[in-house]
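From first to last, the protein sequence lines are chains Y and W. Sequential numbering of the first sequence, starting at 12, is according to the numbering used here. Sequential numbering of the second sequence, starting at 236, is according to the numbering used here. Beta carbons: idealized from backbone N, C-alpha and C, even for Gly. First the structure, in the form of structure tokens, and then the observations on it.
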Amino acid sequence: MASLERALASASLIRLDVAPVDPRDLLRGDYVRLRYGISSVPADLFTPPFSGEHWGETVYVVLAARDRAWTAVAASLTRGRVALGPGQRVIIGKIASGSAPTVTVTYGIERLYVPEGKGTLPRGVIQADVALTADGRPFLKRVFVDGRPYP
Amino acid sequence: MADRFASRLARETQRWVRDGIISAAQAELLLARYPVSTGWLGRPIVLFALIGGAMIAAAIALVVAHNWYEIHRWAKLGGLLLIIALAYAGGLALRERERPAMAEGVLLLGGALVMVAIALIGQIYQLSGRPADAVLLWWVVFVPAAYVLPSAGLGMLSVAAFVTWYFLSVSDRTTLLGAALQGPLFALAIGTATFGMTLFAAGILHGRGRYRPIGRLFELAGLLLLFGGLLPLGFDWRSGYGSHTLPPSSTPVLAALLTAALVAVAMSWLTLPGDTWAARVGFIATWLIVVLYLAGSVAVLTLVPLHPMLAEVVRSLAFANWLVLFGAPLVLILVGARWGSATWINVGVLALGVHAISRFIDLFGTMLQTSALFFIAGAFLLARRAPRGDLRCGATSSSPRSFSSSSSSSAGWRAWSAPSPARR
């Protein structure tokens with residue numbers, strides 16, 4: 012708990028595009044399954060080029076702020092190969108599947124736990140605030156539908 | 236409750252040692268003389284208490300799962316931790332008041348709520364990590380309480396949690412076990428049998444003292460997983476495993492599991508009941524053969540692509556499996572009778588029965604072969620000269636051979652009339 016609070020306190024906030032789904036967890040309750048814009052990373056963003064079987068491996072994705080959300084601009088399976096430009100941040104994920112042209116990445120923030128019965132998001136533009144630690148660990152903070160917090 | 240004396244003695248001896256009235260060694264001798272009956276866990280009143288504790292834990296879990304978004308996270312977590320503390324305190328208080336069955340139920344409630352607290356943290360911080368990791372964390376957090384108290388209810392929960400962790404890991408390809416054991420069925424079967432072998436040996440390692448009830452649960456879970464894992468390996472005798480090989484990622488993980496099983500079996504020698512050297516060696520040798528069979532299977536299935544001639548050896552592994560599945564339960568029954576373990580006898584009989592039915596189904600169409608197999612097995616059992624005909628029910632268990640105090644309803648069979656110390 013203390014380490015989580017410390018990580019959250021020092022984390023910075025970024026906003027991402029989101030698409031919803033809605034199942035239930037036996038212990039943690041209803042949740043909305045989220046798929047981010049950065050869940051699909053074009054294979055050509057990888058340095059070195061993405062090839063072969065890398066299922067389950069850690070991936071470092073470089074994010075940059077665009078018009079209304081942050082998007083992936085580069086990626087690598089090696090931390091040392093990630094070069095951050097001004098204003099860019101790195102987020103850590105795992106390779107879920109994929110090969111050229113798109114690689115699916117999970118970040119451990121794909122579930123939004125919500126009060127019972129609130130597992131279906133209303134229609135609209137969905138975005139999420141994600142707290143990102145300096146080393147790239149993400150924490151899902153809040154989800155917005157058409158700019159309003161949900162739930 | 237008949238077990239009260241032994242339970243109270245276990246608590247009292249702790250105090251006597253602490254107060255310097257007796258030494259730790261003397262306390263062990265006393266506890267070995269009046270071991271806690273393992274049979275009491277199966278009594279309805281205890282089972283009802285355990286089920287009751289589990290149901291209350293489930294009720295609280297559902298309240299948490301409702302997700303009280305408007306309550307501050309510290310209030311939610313603090314409230315739950317308070318309930319956990321109250322459950323443990325209540326369990327201990329009930330023990331003091333000689334209500335062991337209800338105490339075990341309440342302690343089980345406390346242990347189960349630790350998992351609910353972990354889930355609550357995941358819910359509060361929106362953590363969607365692997366379920367296997369959460370269960371392992373739960374197990375690590377509450378299992379010390381099972382031994383410190385000690386509590387058979389928490390012991391039961393710890394066995395359930397550990398087995399759950401194994402299967403959650405296996406079902407998740409992102410875990411080491413999942414990546415290694417998913418794919419060919421025989422990889423999963425070998426892994427599960429090896430894991431079961433380790434649990435069984437770990438159960439024996441619990442010894443004959445106050446941890447015996449927990450050890451018995453480990454043994455039961457281990458034996459079921461062991462025979463459950465071995466059974467599918469006997470079906471592929473027609474085609475052999477020739478068309479399959481172990482994936483490269485499986486071999487190191489299976490080797491690690493086998494090493495753990497080997498070490499556990501070897502160490503279990505230290506806590507076997509006092510008996511003749513031959514009986515103890517024979518028992519350990521049986522399980523070493525099982526480990527050897529599993530290790531041989533891994534080796535051959537790994538090397539098959541390199542040496543095509545090994546394909547024939549692969550086929551014979553299935554036949555070796557039949558022998559293992561016949562011999563190991565038989566030894567389990569005989570030694571279980573000798574050392575007073577009803578669990579071993581029951582599981583051994585179950586394994587033999589399932590093996591016989593499986594082979595009948597497996598060999599269906601070649602009835603003469605099935606007949607020959609059954610005839611040889613039956614003749615062997617008859618020729619065993621059933622321990623001088625004196626397998627008998629409900630012996631008492633002051634004999635050092637016995638694993639546990641056995642009333643006729645709990646330990647059941649006990650055989651070969653353990654000679655009195657004077658005779659021996």
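- Rounded to whole angstroms, the Cβ separation of ALA436/W and ALA496/W is 7 Å, and the two are in contact under 8 Å.
- If you draw a 10 Å sphere on the C-beta of PRO335/W, you find 16 or more other C-beta atoms in it, and that means buried.
- The alpha helix (DSSP H) runs lying completely inside the segment 336 to 384 of chain W and spanning 4 residues or more are 366 to 383, given in chain order.
- Per the DSSP secondary-structure output, VAL70/Y pairs in a beta bridge with GLY104/Y.
- Neighbours of THR409/W across chain Y, judged by C-beta separation under 8 Å: GLY67, LYS105.
- For the C-beta of HIS301/W, the chain Y residues within less than 8 Å are, from N- to C-terminus, GLY40, PRO126, GLU127.
- In this structure, DSSP gives TRP303/W a state outside helix and strand, which the three-state scheme calls coil.
- Looking at the DSSP output, SER23/Y bridges to LEU143/Y.
- Partner residues in a beta bridge of ALA577/W, as assigned by DSSP, do not exist.
- Annotated three-state conformation of SER62/Y is coil, per DSSP.
- One finds TYR304 in chain W with Cβ atoms closer than 7 Å to the Cβ of PRO162/Y, taken in chain order.
- Your pair ALA284/W and GLU339/W checks out as a contact, with CB atoms roughly 6 Å apart and the cut at 8 Å.
- Contact with chain W is absent for ILE49/Y, since none of that chain's Cβ atoms lies less than 8 Å from the residue's Cβ.
- Contact between GLN358/W and LEU123/Y is absent: CB atoms are separated by about 10 Å, not below the 8 Å threshold.
- Cβ contact annotation for ALA490/W (same chain, cutoff 6 Å, sequence separation greater than five): none.
- The Cβ of PHE155/Y sits no closer than 8 Å to any Cβ of chain W.
- Selection VAL29/Y, TYR118/Y, SER21/Y evaluated against ARG46/Y yields VAL29/Y as nearest (Cα-Cα).
- The Cβ neighbour count for TRP374/W, taken over all protein chains shown within 10 Å, is at least 16; the residue is labelled buried.
- Among the bridge pairs identified by DSSP, THR113/Y is matched with PRO53/Y, SER110/Y.
- As a beta-bridge residue in DSSP terms, LEU123/Y pairs with VAL43/Y.
- When DSSP reads this structure, THR511/W sits in no beta bridge, so it has no partner.
- Cβ contact annotation for ARG153/Y (same chain, cutoff 6 Å, sequence separation greater than five): ASP140, PRO160, in chain order.
- Apart from the 5 residues on each side of it in sequence, ALA262/W sits with its Cβ closer than 6 Å to the Cβ of THR248, VAL252 in its chain, given in chain order.
- Contact note: GLU121/Y reaches chain W through SER363, using a C-beta cutoff of 7 Å and chain order.
- Counting the other Cβ atoms within 10 Å of the Cβ of ILE439/W gives 16 or more, which makes it buried.
- ALA292/W is a Cβ neighbour of LEU344/W, given a cutoff of 8 Å.
- Under the criterion of beta carbons closer than 8 Å, GLY135/Y and VAL114/Y do not qualify as touching, at roughly 28 Å.
- For GLY104/Y, the closest of ALA83/Y, ALA94/Y, PRO97/Y, TYR118/Y by C-alpha to C-alpha distance is TYR118/Y.
- Between TRP579/W and GLY588/W, the C-beta gap is not smaller than 8 Å, which leaves the two residues out of contact.
- Note that the C-beta distance between VAL535/W and VAL525/W is not below 8 Å.
- In this chain, the alpha helix (DSSP H) harbouring PHE402/W covers 387 to 406.
- When C-beta atoms of the segment 67 to 80 of chain Y are compared with those of the segment 315 to 334 of chain W, fewer than three pairs fall below 8 Å, so the two segments do not count as touching.
- About 6 Å separates the beta carbon of LEU493/W from that of LEU529/W, a gap short enough to meet the 8 Å contact definition.
- Chain-order list of chain Y residues neighbouring ILE291/W: empty, with the shortest C-beta distance near 15 Å, by a criterion of under 7 Å.
- Taking the Cα positions, LEU565/W is about 24 Å away from LEU603/W.
- Its Cα nearest to that of GLY450/W, the residue SER393/W stands out among ALA260/W, LYS311/W, LEU342/W, SER393/W.
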